[in-house]
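Residue numbers are given in full-length UniProt numbering: position 993 of the sequence shown equals residue 993, and the series is strictly consecutive.
Idealized CB from N, CA, C, for every residue including glycine.
This one's a predicted model, so the numbers in the text were calculated from it and none came from an experiment.
Data block below; observations after.
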Amino acid sequence: MSNVDETSNEPILYELLEYFVRKQEPELIKCKNDAAILPATGTIKNALRYFNNRYSLPESILQQVSLTLPWKFAVGDHGRVLAILQENIIEIRKAKDEYSSIVGKASAPKDAFPQWRKLAWSPNGMILVLASSSGYTSFYNALGNNIFNISLKTISQSPHILEAGDAIASMLFLKPRTTNEKWAYEFILISYSGLLRSYHISTSGYIVNYDFSFGNFYKNGVNVVAYDEKRSLFYVAGNMITQKLTSTASEFGLTSWRLLNDYPYCKLSFTFEDSATSNSRFSIWNLIPNFSFQSESIIFSIKISPNGEFLVCLHTNGSVSLWGLPNLILQKKWKLPEQPEYNVPNPLGHTKSKKFPPGFTEFHPIDIGWWSDQAIIIARYSGSTSVCSTWNLKNLLGVSPEFLAGQPQVCELGLEKGFLCLDCETFITSKKRSREPNDGHLSASSESEKDDDELEPLTILNYTTNLVQSTLYSITDIERFQPKRKKLKVLHRTYRILGLKSTTPEELYSRKIDIEEYEEALALANTYNLDTDLVYQTQWRKSELSLNAIAEHLSKISKRSWVLNECVVRVPDTMEAARELLNFGLRGANLETLIAIDICDNDKFVTPDIDDWQALDEITVSLRQVQKVNEMLEKIDIKNLSEAQKELIRYRRKLLNHLDKLLTYEIILESPLKYKKEFYEEFRRLSPIENAIRFAKDSDCRAVEIMFTYYGESLLPHWLAIISFFPETLNTLDYQKLLPECDSEGQLFLLDQRELRQKDWSEKHEFNEIINLDLDDRSEILYELDPSLLIYRNTQLTPDLLQKWYKTRAFEIEKNSSLVDNALQLVKIGKSHNINGLVDLLLELETLDNLVYTVHLEDMSLDKLEKLSNMEKIKLLMSTSNEINFVENIKNLLLPFIKRRHQYLGGDLQKCLLSDYLICLSKDDLTFPVKFFKYLKQTQDIEIIEMIDNVASLALDCVYACDDPDMYEKAKDILDSISKDDGKRTNAICILLEEFEGELDCIRLLSKYGVKTTLKFIRKNRNDPDVAKSLLTQMARSLNKRLC
């Protein structure tokens, strides 16, 4: 075996890809015997065919073909095009999209014996040929259009009867031997009977070239033919050679034939001519039927190696033989038990419950091909597929074959490029007839039930027995002759096309990672010295970022910059994992690494060794750590840091910032169970100022307070601007702690400040300028939203500024929300916080509070109220009064208004406001004053009386102020309400009251005689004779009218 050496033993790296999956509809069958190619119809004719020596193929060949899949496939142009032959459809796909889309489709005639069909592409992938079981051949272009058909003979037999000799054994494409541009190929068809037909074909048509028959040489036909383009030889494997040859190849029915340009067109090659002893064609032995069985080692498949130096053959007994070309010298032959790993069972278990013909097992090879010049592809019925060295048939795919589903077919893609494989996952469920006589439905049962009718051997004895038994039963109707009833079966099939492709370690490594086969990827990386980080990086990115993922994946990644970036940008789903991720990053961005980078930067993520200080107390450990850090910092030239060192410091600062935000978030939440990844991710992305604004807008006063506590350095310069973002609808008591407060001397109290942790070495001031840290606190957003707040930015908050802010904020609250009580509460808090100058505003807001919430003047605003006089404000307070509640409103609204002014503004109590209001009210009508004075007479209300200097004087003022001519009765009521026994009255008041009574009587008399006037008029003109004369004249005229 000179041309086969041990270099073929090198292992192959490959990947298995799935291109096509098609699940078939369940199919009801009566028997699982796919080998039953001879149906009951025409049994006599089928039986007689066994006596026809020329066309009767060996039973092992019939079984071998019947055990192949009903579907076929073929590749052309080294895998560029793929054709899949289904029941009655051909799909054409292309490799450019990994065979995912259909580029052409053709209909194919339904075949009763689909296993006997053949499918082949022309070498350039432009012509597709389909040969049916009857020998009828159809030609299609690359889009699936039928361009022409060839029929070897007139089809007259029943389509349900297989004429095996007419089926096509091989289809070959040869380069044209004549120079004619019209024809693309010489196409060769060889049937199982041995008939060879040559055609010139192209996409536009065909012509018949010549015929030749191997039937005179092979008594029982041929099984397969291969063409050696390099030497223009046919290699033929057939059955029962009629000539006696002395070569080893001929013992297995293997011969080579020279291709001639003229008749007889084919001739046995020189290798066999010298040893041939021909029997007469008309020998009497040819007329006697031959019932002897063929040799067990019949060749049914042959393939020529890519370099044309070897021929590999499959035998029906499971042997694999290797022949040297062109002389067909046997190089190696491996019987089935001699083949390494031949009997490894398929772990998928697709063939576990199947039965096989005698002498055949699930481990028999079913198809073969060439991987390279030194390796062959062997596919077994069980689905086991391997690439084996031609030196010792060792599997080069690894420790075990690649296991597919059953009955795989293979098509090579090119030298060491790989191959495609069609397989079929099959399982059968049986259906039993119900035992109830009237129940016609079928019930399904498990496939595991034992089937006695599976794959019974197809022999003449079986058919004869069944025929006789059926005949006797039909004649006698005796049950003992009744043929065994077959169980109804349901066949389930799923077809797949897979690709086993050669690959580089890097490609396979990447592929294994993509399909998440991490253990195999790590094994590859260790074998070929690849970067294992890719595996752990992928696992980390696809993980849930848990504590376990940090320990199992992230901690095993060696690239420092990648790990630190992940620690900075990724946010886990739990608080514990988020904290651990940041701490893990900090352990890598350590001071030891910073020093090591300056010496040699290998970008390795290294955590420092932990010092053994367990025996020391906490204070001593802290001092030791500080001492150690200072000693290490002295080794660093801060002014000449490398870019890698600067980057490490930046990462550490980002990690510390994120950790501070996490701690702050935890304080805000109070419970880690409330942690929300999305919120924290946004929280740490924003600056402290942006977060404070966010919390303020969300009315989260506690969160804003915590932000000021731990980020006061950033927030205090914008204190008043930040708290201005609380919604005006929010109760000011909720954020009272955040409102500015001064002591009695006007000095501002600062808010409580705390540190989350001790200052880190990376936060030293010396590093700031060197690492070019972004110090933008994004405070501009405060003043872009409200430019009026600029006066409070980065400035000392003086009492005047505080007063201005409180007033402005109170106006904003009242204006934007119309919630007077919120504005009022703010000013009250400001006053309690020793903010001066808020008294006037407080007085106005309390008045407005009464107007809005008590009087229900909802349209009133602080702006409008400030422009009104005191009397106008009093009138508004009393605007909803009636006879029933007038006095009550005076007590609840007017008097408190007067008292507030005295309380807030100081000075004398402005009692005159009540008197002025009553006098003003009396001008139009005395109804309400009457109610008022009657109330005083009845109750002697001290609260009201204290607000009036002299009740009688006020009563007289109210009566004399009235302009109502019909005032007599009301004025009389007021006079009656004034107590005459009041010892406090002066003589002047008593005189005025006596005069008032006289004037009142005057009014009564004038009114009696139709003269209407007011007391104010009488009082003013009591000494004027002309007015008196005028009044008497009016009385006389009125009396004269009555008498007339």
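With DSSP collapsed to three states, give me the class of G324.
strand
From the DSSP output, in three-state form, read off I12 for me.
coil
Counting along the chain, where does the beta strand (DSSP E) carrying T255 start and finish?
DSSP places T255 in the uninterrupted beta strand (DSSP E) bounded by 254-259.
Mapping DSSP to helix, strand and coil, what is G585?
helix
Which residue comes first and which comes last in the beta strand (DSSP E) that contains F708?
Note, F708: premise wrong, no beta strand (DSSP E); alpha helix (DSSP H) at 701-710.
Which residue wins for smallest C-alpha separation from D849, given the options K831, A823, Q339, M871?
A823
If you count every other CB in all the chains shown that lies within 10 Å of the CB of V626, and 16 or more means buried, which is it?
Taking all protein chains shown into account, V626 has fewer than 16 neighbouring C-beta atoms within 10 Å of its C-beta and is therefore exposed.
With DSSP as the reference, label F683 as helix, strand or coil.
helix
Excluding the five sequence neighbours on either side, which residues of its own chain have a C-beta within less than 6 Å of the C-beta of residue 1052, listed in chain order?
Since the first residue of the chain shown is 1 and the last is 1044, residue 1052 is not available in this structure.
Under a three-way DSSP split, which group does E18 fall into?
strand
Taking buried to mean at least 16 other C-beta atoms within 10 Å of its own C-beta, is H856 buried or exposed?
exposed
May I ask you to report which of helix, strand or coil DSSP gives P717?
Assignment of P717 by DSSP, reduced to helix, strand and coil, places it in the helix class.
Would you decide whether Y853 is buried or exposed? Buried here means 16 or more other CB atoms lie within 10 Å of its CB.
exposed
With DSSP as the reference, label M126 as helix, strand or coil.
coil
As an exercise, report each continuous alpha helix (DSSP H) stretch of at least 4 residues that is fully enclosed by the stretch 335-401, in chain order.
none
What do you get for D166, buried or exposed, if any count of 16 or more other CB atoms within 10 angstroms of its CB means buried?
buried
Per DSSP, what kind of secondary structure is K32 in: helix, strand or coil?
Reliability fails at K32, whose pLDDT of 40 lies under 50, so the model's placement of it is uncertain and the value that follows must be treated cautiously. Note: K32 maps to coil in three-state DSSP.
Taking 6 Å as the limit between beta carbons, can you name the residues of its chain near I597, skipping five residues before and five after?
The residues are A644, Q645.
Between the alpha carbons of R702 and L738, how many angstroms are there, rounded?
Roughly 10 Å between the two C-alpha positions.
Closer than 8 Å by C-beta to N892: which residues in its own chain qualify, once you throw out the five before and the five after it? Chain order, please.
T854
Considering only residues of the same chain and omitting the five flanking positions on each side of D373, which have a CB-CB separation below 6 Å?
The residues are S305, P306, N307.
Just to confirm the assignment: which complete alpha helix (DSSP H) runs, minimum length 4, are found wholly within the stretch 491-554?
505-514, 518-528, 533-542, 547-552
Would you mind reading off the limits of the beta strand (DSSP E) that contains R93?
89-94
Taking the straight line between their C-alpha atoms, what separation do you get for Y210 and Y199?
Y210 and Y199: Cα-Cα distance of roughly 7 Å.
Taking the alpha helix (DSSP H) that P799 falls in, what are its first and last residues?
Here the alpha helix (DSSP H) through P799 covers 799-817.
Would you call the CB atoms of A249 and L328 closer than 8 Å?
yes
What are the start and end residues of the alpha helix (DSSP H) that includes C912?
Taken as a continuous stretch (DSSP letters only), the alpha helix (DSSP H) holding C912 covers 912-922.
If we require 3 or more residues per run, which beta strand (DSSP E) segments fall completely within the stretch 157-197?
Correct list: 168-174, 185-191.
Considering just the uninterrupted stretch of the alpha helix (DSSP H) at D840, what are its terminal residues?
839-853
Can you give the Cα-Cα distance for L82 and E229, rounded to whole angstroms?
23 Å
Could you check whether L894 and M878 sit closer than 8 Å to each other, using their CB atoms as the reference points?
yes
Three-state secondary structure (DSSP) at D477?
coil
With 16 other CB atoms within 10 Å as the buried threshold, where does I478 fall?
exposed
Could you check which residue in D925, P896, S881 has the C-alpha nearest to that of residue 1046?
The requested residue 1046 does not occur in the structure, where the chain is confined to residues 1 to 1044.
Can you give the Cα-Cα distance for K267 and Q469, rounded to whole angstroms?
49 Å
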